[in-house]
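Note that the working numbering has the sequence shown beginning at 24, numbered continuously upward. The C-beta atom is built at its ideal place from N, Cα and C for all residues, glycine as well.
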Amino acid sequence: MSLPASRKRGRKYLNTIPTDEAGFGKMIPILREYMNNKAENTPKKTLGPFKTDLSVYSTPPESGLRITWVGHSSILIEIDGKRILTDPVWSERVSFSQSFGPKRFFQPPIALENLPPLDAVIQSHDHYDHLDKATINFFADKNIPFFCSIGVAQYLTRWGMAANFITEMDWGDSAMIGNEIVLTATPSRHFSGRGIVGRNETLWSSFVIKGPQHNIYFGADSGYSPEFKAIGEAFGPFDLTMLEIGAYGKFWPDIHMGPDNASNAHLDLKGKLMMPIHYGTFNLAPHAWYEPIEWLTAMANQKHIDLFVPKPGEPTEVKGACNSDWWKEYLS
Numbered sequence: 024m025s026l027p028a029s030r031k032r033g034r035k036y037l038n039t040i041p042t043d044e045a046g047f048g049k050m051i052p053i054l055r056e057y058m059n060n061k062a063e064n065t066p067k068k069t070l071g072p073f074k075t076d077l078s079v080y081s082t083p084p085e086s087g088l089r090i091t092w093v094g095h096s097s098i099l100i101e102i103d104g105k106r107i108l109t110d111p112v113w114s115e116r117v118s119f120s121q122s123f124g125p126k127r128f129f130q131p132p133i134a135l136e137n138l139p140p141l142d143a144v145i146q147s148h149d150h151y152d153h154l155d156k157a158t159i160n161f162f163a164d165k166n167i168p169f170f171c172s173i174g175v176a177q178y179l180t181r182w183g184m185a186a187n188f189i190t191e192m193d194w195g196d197s198a199m200i201g202n203e204i205v206l207t208a209t210p211s212r213h214f215s216g217r218g219i220v221g222r223n224e225t226l227w228s229s230f231v232i233k234g235p236q237h238n239i240y241f242g243a244d245s246g247y248s249p250e251f252k253a254i255g256e257a258f259g260p261f262d263l264t265m266l267e268i269g270a271y272g273k274f275w276p277d278i279h280m281g282p283d284n285a286s287n288a289h290l291d292l293k294g295k296l297m298m299p300i301h302y303g304t305f306n307l308a309p310h311a312w313y314e315p316i317e318w319l320t321a322m323a324n325q326k327h328i329d330l331f332v333p334k335p336g337e338p339t340e341v342k343g344a345c346n347s348d349w350w351k352e353y354l355s
């Protein structure tokens, strides 16, 4: 089963189905929702500090698959002998300025300079909470292969990366990481842009990561869509799906899923274990910081979904269901 390549109207990339991207016309109701919001968007108790035991990386995972959740959508994946980092964001704030904008709830549990050797970095799209200039500056001279959606390379090269280490990918494109890992860019339902102008002029993607022993899915950012079922038919079943559960709001139901739709997407994808991402790290929506993971836990019980919820910064082998309940000690 083939998946559609991206489409454009003029300079703008399009979603596979009509999508309300919560543009300028919704700014006033969105702002009003934030102003009237009473939820605990930012934790009252400081989260962490979380620390990664670096010695773990000196031994390959017994199962062949190990995950370290750095926070938000930044995940260190060890799969079938390769290490892949997704959407690395180490800055204090996800904004065009480090003086204001959404600020971290906890510091990255592993410093950039302490990361183990990487075989690849995946950049799903160009939003500030996924594409971080300061982090790219760190990687610019490290000669690590980067795989990104079409158009995102312009930022990487502008920030110091050599073009020959960058592979831009359209939906349906595949590339090799080493000799055994096949990376395939797949559709997501979202949008792009880093400012007032240039909206949707770069592509957004999800990714299938298939090794000799394991097959996993990195969903990045996406609203719910029929493409999840199509991806599941074409590439599933998946040992692990990594799906965003946070940053939802009633005025943008098409571009983020929330726990209910994310768990439905996991089922569509034919996933065995579901790992929630894109929650508990930044205040990006008018819901309590802990609401997504609490809600997902209830949804998973109802839908008989096995969760994989590691503690931030803790390298965890993917052997079966695992829920660290890490957030509970910080609840008011």
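Boundaries of the alpha helix (DSSP H) harbouring Y178: A176 to R181, taken from the DSSP string.
A buried status is given to G246, since no fewer than 16 other beta-carbon atoms sit within 10 Å of its beta-carbon. The way I'd put it, the segment 221 to 240 doesn't touch the segment 57 to 67; fewer than three beta-carbon pairs between them come closer than 8 Å. In this structure, the beta-carbon distance from F331 to L296 falls below 8 Å.
Distance from the CA of A321 to the CA of N166, rounded to the nearest whole angstrom, comes to 43 Å. Taking C-beta atoms under 8 Å as the contact rule, I100 and T109 qualify, at a distance of about 7 Å. Rounded to whole angstroms, the gap between the alpha carbons of G242 and M58 is 30 Å. Between the C-alpha atoms of S147 and H153 there is a straight-line separation of about 7 Å. By the Cβ test, the segment 130 to 146 is in contact with the segment 168 to 183, since at least three Cβ pairs between them sit closer than 8 Å. Contact between the segment 156 to 166 and the segment 178 to 196 is established, with three or more Cβ pairs separated by less than 8 Å. Inclusion of T39 and P276 in the CB contact set at 8 Å is not warranted, their separation being larger than that value. Just so you know, the alpha carbons of S122 and R116 end up roughly 8 Å apart.
At a Cβ-Cβ threshold of 8 Å, A323 and G269 do not count as neighbours. Distance from the CA atom of P111 to the CA atom of M265, rounded to whole angstroms, is 15 Å. Around the beta carbon of P235, a 10 Å sphere encloses fewer than 16 other beta carbons of the protein chains shown; the residue is thus reported as exposed.
Judged by DSSP in its simplified three-state form, V79 adopts helix. If you look at T320, you'll find it in the alpha helix (DSSP H) that goes E314 to K326. Looking at the backbone, the Cα of T69 and that of I300 are separated by about 20 Å. Taking C-beta atoms as the reference points, V79 and P132 fail to come closer than 8 Å. Cβ-Cβ distances below 7 Å link K342 to S86 in the same chain, with the five nearest sequence neighbours on each side left out; the list follows chain order.
In this structure, Y353 lies away from H310, with their beta-carbon atoms at least 8 Å apart.
CA-CA distance, G281 to G294, rounds to 17 Å.
Per DSSP, E101 is one residue of the beta strand (DSSP E) stretching across S97 to I102. In the three-state DSSP reduction, M192 falls in the strand class (E or B).
Apart from sequence neighbours up to five positions away, the residues of its chain that approach I173 with a beta-carbon distance below 6 Å are E191, D193 and L226, ordered along the chain. For A186, the closest C-alpha among the options R106, E314, H213 and D164 is that of D164. With a cutoff of 8 Å on beta-carbon distance, F274 and E56 are scored as near each other.
Residue pairing for Q146: DSSP places it in a beta bridge opposite C171. Secondary structure at G94: strand, using DSSP grouped into helix, strand and coil.
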